[in-house]
DNA sequence: CGTGGGTTTGAAGCCGGTCAACTCACGTGG
DNA sequence: CCACGTGAGTTGACCGGCTTCAAACCCACG
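Residue numbers (the working numbering), protein chains in the order written: chain S, 2 to 236; chain B, 2 to 236.
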């Protein structure tokens with residue numbers, strides 16, 4: 002686990018949203034030239050390595066984040082100290098919406114795969130959203146999207162046998178890719194996503210490999226046998 | 002199960018939000034006299050019996066709902082037909098927010114305990130929220146509240162042993178009451194909330210009764226031994 | 001080349017799933 | 001009024017999957 006990566010270390014510079022490659026799919030999609038004049042605070046860009054902490058549960062933050070690439074986990078803890086991963090945040094997702102409402106962050110946000118983020122001061126988002134209805138609407142959409150994700154985790158990833166859950170998780174990882182290739186997470190993280198133990202996660206993945214449902218293409222990248230995994234996922 | 006309760010049957014009349022007893026805690030808390038002039042569509046009030054369907058997943062609705070009293074379940078279905086309850090909606094909660102975004106309802110909403118609801122046309126909410134920032138802010142808060150609930154269901158109610166889950170559910174039911182009394186749900190529903198079978202739910206509840214963690218006060222109403230249930234909940 | 005973290009595998013035991021029987025309350029119809 | 005049917009809750013027996021505890025393995029890294 003990489004520790005103590007300060008944000009300073011990871012700083013990539015200031016973003017120019019006007020020329021952002023992801024402009025079409027990102028929170029600021031609906032902004033026009035005039036709107037950009039109203040951005041009086043810098044929007045910084047960072048590249049965070051695996052294990053880096055974007056924010057911690059309970060912190061009262063002043064920034065939300067757009068993910069340009071990579072994957073983060075949102076983690077909550079139980080009284081007994083065990084952890085549960087409640088969602089994954091990926092490319093074009095926005096996280097930290099809650100601080101727009103003056104609430105502290107509700108989760109730990111930790112990098113699972115090297116991640117590029119843009120850091121948006123809430124002031125900027127708040128001001129723009131008052132003037133630009135499209136952005137405002139987009140914010141609501143993001144909230145709803147997060148809710149849908151949360152519900153899906155419950156129904157798809159916390160229901161059924163361990164094999165079903167693992168299969169559904171794998172399918173989910175490639176669902177928005179062109180190829181059926183994906184990078185796997187640590188078994189411990191898979192367990193925390195699926196509500197099973199690390200050992201069961203490992204056993205299941207190992208079995209899938211033996212049955213060639215997973216074939217390693219390059220180090221820790223796997224090609225999925227989608228049709229057969231789907232059969233397992235649905236029972 | 003009560004079937005085919007039409008909304009007409011359940012109609013209680015038109016609501017006058019100005020004199021609403023729940024005004025302080027409800028979505029419209031921040032409205033002023035002037036705002037009410039802008040309500041050009043009627044806000045109807047209904048009393049729905051157990052088993053009634055408020056809306057169905059996939060329906061493209063034009064209304065959201067404020068719950069005055071009672072309890073509803075939000076249900077999602079898996080490909081294999083089994084159901085999972087992803088949230089409960091209770092007094093002062095708002096549900097159906099998604100149709101404000103033009104999306105169809107994401108769940109079945111079904112009455113678990115007799116429920117009084119107000120039906121708010123999205124046009125009304127939409128118009129008011131454009132002019133009244135307090136209401137608008139309140140809408141965002143509701144969205145965030147739903148998200149928090151969803152996350153809590155994952156970490157509290159879908160993690161740990163069956164005994165822990167049942168105990169946590171029971172504690173959750175009385176957490177916002179003055180007394181520690183609550184009304185239980187059907188075992189099948191409990192199972193669907195906790196990701197366990199009906200039988201396991203029944204066995205666990207029966208055992209809790211034998212151990213006097215649950216004492217029946219009146220028909221299907223139970224007093225909880227909160228401290229001991231808490232011990233079980235945390236292990 | 002040794003150390004350590006993550007992964008895999010093994011063995012044992014238990015919790016919860018499955019299937020089935022039985023009870024009880026309730027409502028319907030003879 | 002009682003017989004009967006229905007549906008929910010409870011309980012039992014059995015079994016299998018998952019957890020638990022441990023050991024072995026693998027590989028990256030200093």
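All residues carry an ideal CB built from backbone N, CA and C; glycine is no exception.
The segment 187 to 201 of chain S: which residues have C-beta closer than 9 Å to a C-beta of chain B, in chain order? Answer in chain order: 196.
Express the C-alpha separation of residue 110 of chain S and residue 61 of chain S in angstroms, rounding to a whole number. For the purposes of this step, residue 61 of chain S is taken as residue 60 along the first chain, with counting starting at 1. For the purposes of this step, residue 110 of chain S is taken as residue 109 along the first chain, with counting starting at 1. Rounded to the nearest angstrom, the two C-alpha atoms are 14 Å apart.
Checking contacts by CB at 8 Å: is residue 99 of chain S closer than that to chain B? In the first chain, residue 99 of chain S corresponds to position 98, counting from 1. Taking Cβ atoms only, chain B reaches closer than 8 Å to residue 99 of chain S, which makes this a yes.
Taking the alpha-carbon of residue 233 of chain S as reference, which of S/185, S/165, S/183 and S/172 has the nearest alpha-carbon? Position 232 of the first chain, counted from the start, is the residue given in the question as residue 233 of chain S. It is S/165.
Under 8 Å between C-beta atoms of residue 188 of chain S and residue 121 of chain S: As a position in the first chain, residue 188 of chain S is number 187, starting the count at 1. As a position in the first chain, residue 121 of chain S is number 120, starting the count at 1. Not closer than 8 Å, so no.
Which of helix, strand or coil DSSP assigns to residue 87 of chain S: Position 86 of the first chain, counted from the start, is the residue given in the question as residue 87 of chain S. Looking at residue 87 of chain S - three-state DSSP - the assignment turns out to be strand.
Of all the residues that make up the segment 147 to 176 of chain B, which are near chain S by a beta-carbon distance shorter than 7 Å? Of all residues in the segment 147 to 176 of chain B, those with a C-beta nearer than 7 Å to a C-beta of chain S are 147, 148, 149, 151, 152, 154, 155, 156, 159 and 160, reading in chain order.
So what does DSSP say about residue 225 of chain S, is it helix, strand or coil? Within the first chain, residue 225 of chain S is the residue found at index 224, counting from 1. Reduced to three states, the DSSP call for residue 225 of chain S is strand.
Of all the CB atoms in chain B, is at least one closer than 8 Å to the CB of residue 81 of chain S? Taking the first chain and counting its residues from 1, the one referred to as residue 81 of chain S is at position 80. The C-beta of residue 81 of chain S comes closer than 8 Å to at least one C-beta of chain B.
Chain-order list of residues whose beta-carbon lies under 7 Å from that of residue 19 of chain S (same chain, five-residue window excluded): On the first chain, position 18 is the one that residue 19 of chain S refers to. Residues of the same chain with a CB within less than 7 Å of the CB of residue 19 of chain S, apart from the 5 flanking positions on each side, are 37 in chain order.
Do the segment 169 to 183 of chain B and the segment 117 to 131 of chain B make contact, defined as three or more Cβ pairs closer than 8 Å? No, the segment 169 to 183 of chain B is not in contact with the segment 117 to 131 of chain B.
Along chain B, in chain order, which residues have C-beta atoms closer than 7 Å to that of residue 229 of chain S? Residue 229 of chain S sits at position 228 when you count from the first residue of the first chain. Those do not exist, as residue 229 of chain S stays about 16 Å from chain B at its closest Cβ, beyond 7 Å.
For residue 236 of chain B, would you say it is in contact with chain S, using Cβ-to-Cβ distances shorter than 8 Å as the test? Along the second chain, one-based indexing puts residue 236 of chain B at 235. So, interface residue.
Run the CB neighbour count on residue 12 of chain S, radius 10 Å, all protein chains shown included, and call it buried at 16 or more, exposed below. For the purposes of this step, residue 12 of chain S is taken as residue 11 along the first chain, with counting starting at 1. Using a 10 angstroms sphere on the CB of residue 12 of chain S, the tally of other CB atoms stays under 16, which defines it as exposed.
Please list, in chain order, the residues of the segment 101 to 132 of chain B that have any C-beta partner in chain S closer than 9 Å. Only those residues of the segment 101 to 132 of chain B whose C-beta falls short of 9 Å from the nearest C-beta of chain S are listed: 101, 102, 104, 107, 108 and 131.
Report the option in B/108, B/33 and B/171 whose CA atom is closest to the CA atom of residue 229 of chain B. Along the second chain, one-based indexing puts residue 229 of chain B at 228. When only C-alpha atoms are compared, the closest one is B/171.
Can you pull the chain S residues whose beta carbon is under 7 Å from the beta carbon of residue 95 of chain B, in chain order? Counted from its first residue, the second chain places residue 95 of chain B at position 94. In chain S, no part has a C-beta under 7 Å from the C-beta of residue 95 of chain B; the shortest such distance is about 13 Å.
Give me the residue from B/90, B/53, B/28 and B/78 with the minimum Cα distance to residue 70 of chain B. Walking along the second chain from the start, residue 70 of chain B turns up at place 69. Out of B/90, B/53, B/28 and B/78, B/90 has the C-alpha closest to the C-alpha of residue 70 of chain B.
Give the C-beta separation of residue 139 of chain S and residue 30 of chain S to the nearest angstrom, bearing in mind that I take them to be a contact with Cβ-Cβ under 8 Å. Here residue 139 of chain S is taken as the residue at index 138 of the first chain, counted from 1. Here residue 30 of chain S is taken as the residue at index 29 of the first chain, counted from 1. Between residue 139 of chain S and residue 30 of chain S the beta-carbon gap is near 7 Å, inside 8 Å, which marks them as a contact.
Return the bridge partner residues of residue 14 of chain S from the DSSP annotation. The residue labelled residue 14 of chain S in the question sits at position 13 within the first chain. Residue pairing for residue 14 of chain S: DSSP places it in a beta bridge opposite S/46.
Hey, which unbroken runs of the alpha helix (DSSP H) at 4 residues or more fall wholly within the segment 148 to 225 of chain S? Runs of the alpha helix (DSSP H) inside the segment 148 to 225 of chain S: 163 to 175, 188 to 195 and 199 to 211.
Going by the beta-carbon positions, is the gap between residue 223 of chain B and residue 182 of chain B smaller than 8 Å? Walking along the second chain from the start, residue 223 of chain B turns up at place 222. Walking along the second chain from the start, residue 182 of chain B turns up at place 181. Yes, the pair counts as a contact, with Cβ atoms nearer than the cut-off.
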